[in-house]
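*Asks:* Once you've had a glance at the structure underneath, I'll fire off some questions.
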Amino acid sequence: MRINVLQHTPNEGPGMIQDWSQKNGHEMYIYHPYQFGYLPTAEETDMLVILGGPMSPNDDLPWIEQERELIQTLMDQEKPIFGVCYGAQQIVKTLGYDVTKAPAKEVGFAPVYRRDVKFLNIPEELNVLHWHEEMFEIPAQAQLLFSSDKLENQGFIMNHRIVGLQFHLEPKADNVREMVVNDFPYIKNSVLNQTSEEILQTRISDDNKQTLYKLLDFITI
């Protein structure tokens with residue numbers, strides 16, 4: 001399977017998604033549309049991963065609209081799509097729903113809670129990395145997957161083929177270090193009130209990896 005990844009900033013790469021891809025013998029191609037302007041075609045995409053970034057789906061940039069055209073085509077073809085943070089917001093915008101400012105900016109580690117989707121056999125609570133200040137509506141076609149203490153809509157699952165997460169399950173410890181040392185000014189004014197050092201010292205649970213793998217397995221079966 002060819003997995004095409006849309007990466008939107010140098011310091012937010014695929015992390016453990018790449019590990020899952022390699023474990024399953026898939027081929028991964030990483031695109032940087034914010035820098036080079038190129039996107040894969042639907043024909044050469046078996047699965048699409050849309051990563052986070054500092055931009056908003058509401059920004060008026062040609063490549064952002066082109067991403068949504070690709071997402072819509074892949075939805076029509078019922079191909080698996082996994083969206084993280086901005087990537088999940090792009091899926092929601094493609095479906096015609098709103099992305100708006102969240103009640104509070106969340107940056108740092110905090111729990112999310114699994115909602116009614118029990119068939120996935122994932123933990124009821126996970127301590128995950130948040131790095132956002134916008135939020136998405138849950139599409140009518142989708143099920144609410146996760147919520148946090150500060151934000152109800154933290155994740156959704158749709159049609160056995162699409163998962164969108166507002167938070168980050170994919171980073172390994174080195175990835176978190178990369179995010180913090182390059183984007184530390186963004187931590188200021190977060191409702192989670194964590195310092196760079198506190199974020200760096202937080203251990204990433206193996207539950208995050210196992211949950212990520214189960215979600216990726218689910219949409220690619």
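Counting from 1, position 219 in the sequence shown corresponds to residue 219 in the UniProt record's numbering; the numbering is continuous, with no gaps.
Where a beta carbon is used, it is the ideal one built from N, C-alpha and C, also for glycine.
Just so it is clear, the structure is predicted and the values come from calculations on it, not from any experiment.
For R161, count the other beta carbons within 10 Å of its own beta carbon; 16 or more makes it buried, fewer makes it exposed. Which is it?
*Replies:* It is buried - the Cβ of R161 has at least 16 other Cβ atoms within 10 Å.
*Asks:* Determine the closest residue to L48 out of L61, L212, N58, I30, with distance taken between C-alpha atoms.
*Replies:* Selected option, being the one with the closest Cα: I30.
*Asks:* Excluding the five sequence neighbours on either side, which residues of its own chain have a C-beta within less than 6 Å of the C-beta of G52, listed in chain order?
*Replies:* Same-chain partners within the cutoff: E12, V84, C85, Y86.
*Asks:* Is the number of C-beta pairs between the segment 101-110 and the segment 64-72 that are closer than 8 Å three or more?
*Replies:* With a cut-off of 8 Å, the segment 64-72 and the segment 101-110 do not count as touching, because too few Cβ pairs lie within range.
*Asks:* Hey, out of L216, Y34, I138, whose CA is closest to E65's CA?
*Replies:* It is Y34 whose Cα lies nearest to the Cα of E65.
*Asks:* Cutting at 7 Å between CB atoms, please list the residues of its own chain near N175, excluding the five before and the five after it.
*Replies:* Once the five neighbours on either side are set aside, the close Cβ partners of N175 are G13, G15.
*Asks:* Who does G164 pair with in a DSSP beta bridge?
*Replies:* G164 pairs with G83, F156.
*Asks:* For Y38 and A140, I'd like the C-alpha separation in whole angstroms.
*Replies:* If I take the Cα positions, the gap works out to 31 Å.
*Asks:* Alpha carbon to alpha carbon, how far is L216 from N189?
*Replies:* Computed Cα separation, rounded: 33 Å.
*Asks:* Counting C-beta neighbours from all protein chains within 10 Å, is the total for E124 16 or more, i.e. buried, or is it exposed?
*Replies:* With fewer than 16 other Cβ atoms within 10 Å, it is exposed.
*Asks:* Would you give the residue range spanned by the beta strand (DSSP E) that N4 belongs to?
*Replies:* From DSSP, the beta strand (DSSP E) with N4 extends over 2-6.
*Asks:* To the nearest angstrom, report how far apart I122 and D207 are at their CA atoms.
*Replies:* Approximately 8 Å between the Cα atoms of the pair.
*Asks:* Drop a sphere of 10 angstroms on the beta-carbon of G155, count the other beta-carbons inside from all chains shown, and report buried for 16 or more, exposed for fewer.
*Replies:* So G155 counts as buried.
*Asks:* Hey, quick one: how far does the alpha helix (DSSP H) through F109 stretch, first residue to last?
*Replies:* First-last for F109: 99-114, but that is the beta strand (DSSP E), not the alpha helix (DSSP H).
*Asks:* Could you spell out where the beta strand (DSSP E) holding I71 opens and where it closes?
*Replies:* Taken as a continuous stretch (DSSP letters only), I71 belongs to no beta strand (DSSP E), being part of the alpha helix (DSSP H) at 62-76.
*Asks:* Once DSSP output is grouped into helix, strand and coil, what is the label at I219?
*Replies:* DSSP places I219 in helix when its eight states are reduced to three.
*Asks:* Near Q194, what residues of its chain come up, given a Cβ to Cβ distance below 6 Å and the 5 sequence neighbours on each side ignored?
*Replies:* Correct list, in chain order: G108.
*Asks:* Taking the straight line between their C-alpha atoms, what separation do you get for F184 and S196?
*Replies:* One C-alpha to the other measures close to 7 Å.
*Asks:* If we ignore side chains and look at the alpha-carbon of each, how far apart do E152 and T9 end up?
*Replies:* So the two alpha carbons sit approximately 26 Å from each other.
*Asks:* Only counting the same chain, and skipping five residues up and downstream in sequence, which positions put a Cβ closer than 6 Å to that of R2?
*Replies:* Result list for R2: E27, D46, in chain order.
*Asks:* Once you ignore the five residues that flank S148 on each side, which residues in its own chain have a CB closer than 8 Å to its CB?
*Replies:* If we look at S148 and ignore the five residues flanking it on each side, its Cβ neighbours are E106, A110, P111, V112, Y113, H130, Q154, F167.
*Asks:* Candidates K79, S205, L120: which alpha carbon is nearest P171's?
*Replies:* It is S205.
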